[in-house]
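According to our numbering, the stretch in the sequence shown is residues 1463 to 1669, in order. A quick write-up on the structure given underneath.
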Amino acid sequence: MQQTDCDFSPMKKMVKDNLKSLHSEIYRVVQGLEEERNCLLQEIAEIHKTLSQVESMAASFYLQCYLSPYTDKYQELSSSIRRMSQKKHGALIVVHRNDPIDHLIQSGTPIGATLTSSLLESIFYPGSPLHDGAVIVKGNIILSAANLLPLSRQFIDDWKLGTRHRAALGLTENTDALVMIVSEETGHASFAMEGELFPLNISEIAV
């Protein structure tokens, strides 16, 4: 994962505090193993939940760091992701960074307009002619919509990943692009970079 110039101090403190609390919880669970009647399933589920929260919190912070050198429209992007996630409006947004991506994409409909949250949300509004496929963002401009991305073949048998997630991974396996995803089924938000998927906690996304 590439380095950034962001100040990680606030995020690191939050993660450290959460991990300390988690450490205490794990220690308590280990001590409870001596009690035969103690059911660990619920406690393990809570530990997993806390770990997921820490991961999504860190991912939300890193997202801003990875986007800020390439677009001034982070607030518009994050606001749109938050609202589309809450409404379960599926979305796939590619932020072009350094590597060329045109040779990997089946071009959609040219837009060529300044990125705004209202424009982005209207593109992905259910039933919109452009809501299927990916939006390409370069700098502060939405270049095009309804683009088709290459699907990752590494996750072809993973039933948990929908087409949007496989498309995001497929592009980021081959370029340095950053791709944000909102699941139409669950409303969960995430982003893909360097062929990896990171969950986002929309309550932690700065707006």
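Glycine residues also receive a C-beta, built at the ideal position from the N, C-alpha and C atoms.
Which of helix, strand or coil does DSSP assign to residue i?
i       : result
Asn1480 : helix
Met1463 : Confidence at Met1463 is low in this model, with a pLDDT of 49, below 50, so the placement of that residue should be treated as unreliable; the coordinate-derived value is given next. The answer is coil: DSSP assigns Met1463 none of H, G, I, E or B.
Leu1662 : strand
Leu1554 : strand
Leu1502 : coil
Gly1649 : coil
Ala1639 : coil
Gln1616 : coil
Gly1589 : coil
Gly1624 : coil
Leu1495 : coil
Met1509 : Met is not the amino acid found at residue 1509; the sequence shown has Ile there. Three-state result, Ile1509: helix.
Lys1535 : coil
Ile1563 : coil
Count the other CB atoms within 10 Å of the CB of residue i; is the residue buried (16 or more) or exposed (fewer)?
i       : result
Ala1668 : In this prediction, Ala1668 has a pLDDT of 49, which is less than 50 and means its spatial position is unreliable; nothing more can be read from the coordinates.
Tyr1524 : buried
Leu1577 : buried
Gly1595 : buried
Ala1575 : exposed
His1558 : buried
Asn1663 : buried
Ile1658 : The amino acid at residue 1658 is misidentified as Ile; the sequence shows Glu. Under this definition Glu1658 is an exposed residue.
Tyr1536 : buried
Tyr1489 : exposed
Asn1560 : exposed
Gly1601 : exposed
Thr1648 : exposed
Ala1507 : exposed
Could you tell me which residues DSSP puts in a beta bridge with residue i?
i       : result
Ile1604 : Ala1575, Val1599
Gln1526 : Answer is none; Gln1526 lacks a bridge partner.
Met1655 : Glu1658
Asn1609 : Ala1596
Gln1568 : Leu1610
Val1644 : Ala1553, Ala1651
Can you tell me the Cβ-Cβ gap for residue i and residue j, rounded? I've got them flagged as a contact below 8 Å.
i       : j       : result
Val1491 : Glu1505 : 5 Å
Leu1611 : Leu1633 : 5 Å
Ile1543 : Met1642 : 6 Å
Val1599 : Ala1607 : Between Ala1607 and Val1599 the Cβ distance is about 10 Å, and since that is not below 8 Å, they are no contact.
Leu1592 : Thr1571 : 6 Å
Leu1529 : Leu1640 : 7 Å
Leu1623 : Ile1573 : Not a contact, Cβ separation roughly 27 Å.
Thr1512 : Leu1484 : 5 Å
CB of residue i to nearest heavy atom of the ligand NAP: below 7 Å?
i       : result
His1650 : Only the bare structure without any ligand can be found here, which leaves the ligand NAP out of the picture.
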